[in-house]
Amino acid sequence: MIWFKKKIDSKGNNNSHFSNNNLKPQFTIFEKQPNLQYFDSACVTLKPKQVVSKLQQYYEEYPACSGRSAHKLAQRVNNELDLSREKIKKFLNINSKTGEIVFTKNATEAINLISYALEEYLQEKCVVITDKEHNSNYLPWLRLQERGNVRVIVIKCEKYAQIEFNELEEVLKENNVGLVSMFHASNVDGSIMDMKKVVKLSHKYNSLVLSDSCQMSGHKKIDVKELGVDFLATSVHKMYGPSGVGLLYINKSHLDIMNPFIIGGDTVNDVHETSYELLDLPNRFEAGLQDYAGMISTGAAIDFLDKNLSLIEQNTKKCLEMFFDELEEYEKDGKIEILSSKNDNCGVFTFIPKTISSKELGVILSEQNICIRTGNFCVHNWFNTYKKDFAIRFSISAINTPEDVREVCKIVKNFL
Ligand SMILES: Cc1ncc(COP(=O)(O)O)c(C=O)c1O
């Protein structure tokens, strides 16, 4: 390790300065760590000041419960929560008459909720996924298959988000498919799935669709109405919001085929000795006392995204171009294998280094104040299926600049 350190010190001093990216100053973390190079937003984004103050405000000014007490603190929680939920729905273009947002702990819980809720409906039916799903959109379906009469069909997706739509149609035609559950953007390489096409085809054969939009929601506008999905899951911590909050969109027309997931306080209208009457959406899926600070500050994250989305998109495009400009030639030399695509990419540059292990490179970069992700990114099946070595993932967000990219690439190049 000492050798590596020396190499960096002599060649690639990491003297990054405060960039001219006008979003960076909105993130307190850079006041104390101005040299931090954070490229792990596909895992968790950093938090802008407005989100942190909203979280703090809840604990300092109205740390109460929603929906139970009538006092003024509880009323404020109700109002702030309603406001936050409305902001989310507006941002995702969800019509309250036809759809609802349920708060969960994260996207994993949201997908598990759907797998549990639909278990009865899916008996004797198939669930279609790709071989490139995050474990969170893979394991819940495998478990359903293990438990009963649900069959999982896995569609191939070797490169980017390129599934064979003919193969999908064939599968839908030949089998009784109850649900198609696919990634909206890949956390392996950032590639974007044509979700509208997936929905159109699936609905043609009466299958419901769940979109795992984790990697999309912090980067591109999602229009639920236009997509036509039945369910959509995402994590707020990838959208500049707090940790511990997920979002699940449910099309209301499916409520009668969904069993409640966790029940108890706040989920029922009335209870008698041997029976109970559930509340409507969203309450029936939000049991017990919730993370109100997180749910409310999600509204502040939505404000940030809503205001800055086009800037984030432009910035992402420029940073991606810079990654390719800097490192593409190393692929030609056989020193790396680039997994990401130049186009239709929501901000991920992933490559497999051939001259050093990804883990080792990750440690070296961390010592240089550069945060990235190494490994298989919880997409074990894809890495196993295509026999890929562990990779290095740089994920771009509001706070990265092309100059940052050039600077980190300079360091990376020392080890290729
Ligand atoms: C595509 C995708 N799906 C699901 C998840 C799971 O999200 P969480 O861990 O927030 O539940 C992730 C997280 O990285 C992801 O990238």
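If you count the sequence shown from 1, position 413 lands on 412 in numbering that gives the first Met the number 0, and the numbers rise without skipping.
In this text, a Cβ means the ideal position worked out from N, Cα and C, and glycines have one as well.
DSSP bridge partner residues for residue i (one or two, in chain order)
i, result
"Arg392", "Thr349, Arg372"
"Glu336", "Ile351"
"Leu171", "BP columns for Leu171 are empty, so no partner."
"Asp211", "Phe182, Ala232"
"His271", "Ser274"
"Val127", "Ile152, Val179"
"Ser190", "Asn344"
"Glu366", "DSSP output for Glu366 lists no bridge partner at all."
"Gln122", "DSSP output for Gln122 lists no bridge partner at all."
"Leu247", "Val101, Ala232"
"Asp460", "For the chain, the structure presents residues 0 to 415; residue 460 sits outside this window and is missing."
Residue i vs residue j beta-carbon contact at 8 Å
i, j, result
"Val235", "Thr315", "no"
"Leu91", "Ile191", "no"
"Lys53", "Ala299", "yes"
"Gly217", "Leu326", "no"
"Glu118", "Ile295", "no"
"Lys124", "Val149", "yes"
"Ile337", "Phe350", "yes"
"Asp302", "Gln49", "yes"
"Val101", "Pro281", "yes"
"Lys104", "Gly240", "no"
"His133", "Val378", "yes"
"Ser185", "Lys131", "yes"
"Leu288", "Cys64", "yes"
"Gly98", "Val223", "yes"
"Leu415", "Lys306", "no"
"Leu247", "Leu143", "no"
"Tyr137", "Ile128", "yes"
"Phe322", "Phe376", "no"
"Val347", "Ala160", "no"
"Ala286", "Asp265", "yes"
"Ser206", "Val43", "no"
"Ile162", "Ser135", "no"
"Leu310", "Leu22", "yes"
Environment of residue i [buried if 16+ CB atoms lie within 10 Å]
i, result
"Gln25", "buried"
"Lys237", "buried"
"Asp403", "buried"
"Ala390", "buried"
"Lys4", "Residue placement at Lys4 cannot be trusted, given a pLDDT of 38 that sits under 50; what the coordinates show is reported in the next sentence. So Lys4 ends up on the exposed side."
"Thr273", "exposed"
"Gln122", "exposed"
"Arg67", "exposed"
"Ala69", "exposed"
"Asn413", "exposed"
"Val270", "exposed"
"Asp188", "buried"
"Leu319", "buried"
"Ser9", "Confidence at Ser9 is low in this model, with a pLDDT of 38, below 50, so its placement is unreliable and no value can be given for it."
"Gln32", "exposed"
"Asn12", "Confidence in Asn12 is poor, its pLDDT being 40 and thus under 50, which makes the residue's placement unreliable; the coordinate value appears in the next sentence. The residue in question, Asn12, is exposed, as its Cβ has fewer than 16 Cβ neighbours within 10 Å."
"His16", "Its pLDDT being 36, under 50, His16 is placed unreliably in this model, and the value from its coordinates should be taken loosely. Exposed: under 16 other Cβ atoms inside 10 Å."
"Lys88", "buried"
"Lys341", "exposed"
"Tyr275", "exposed"
"Trp2", "Low per-residue confidence applies at Trp2: pLDDT is 33, beneath 50, and the placement is therefore not dependable enough to give any value."
"Asn14", "Residue confidence is low: Asn14 scores 40 on pLDDT, short of 50, so the model does not pin down where it sits. Its coordinate-derived value is still stated next. That one is exposed."
"Ile410", "buried"
"Ile261", "exposed"
"Met72", "According to the sequence provided, residue 72 is Leu. The question's Met does not apply to it. Exposed, because fewer than 16 other Cβ atoms sit within 10 Å of the Cβ of Leu72."
"Leu360", "buried"
"Asn399", "buried"
"Arg283", "buried"
"Arg372", "buried"
"Asn383", "exposed"
"Glu406", "buried"
"Lys46", "buried"
"Gly147", "exposed"
"Ser339", "buried"
CB-CB length for residue i against residue j, believed under 8 Å
i, j, result
"Trp140", "Ser180", "7 Å"
"Cys416", "Met215", "Residue 416 cannot be examined here, being either before or after the span of the chain that is shown, 0 to 415."
"Asp211", "His183", "6 Å"
"Val170", "Ile154", "7 Å"
"Val126", "Leu178", "5 Å"
"Ala116", "Ala232", "Their Cβ separation, rounded to whole angstroms, is 12 Å, which puts Ala116 and Ala232 out of contact at 8 Å."
"Phe38", "Ile369", "7 Å"
"Tyr61", "Arg75", "4 Å"
"Pro401", "Lys331", "With 8 Å as the limit, Pro401 and Lys331 do not qualify as a contact, their Cβ atoms being about 22 Å apart."
"Glu312", "Lys219", "7 Å"
"Tyr385", "Glu108", "Tyr385 to Glu108, Cβ: 29 Å. No contact."
"Phe164", "Leu209", "Not confirmed; about 18 Å, so no contact."
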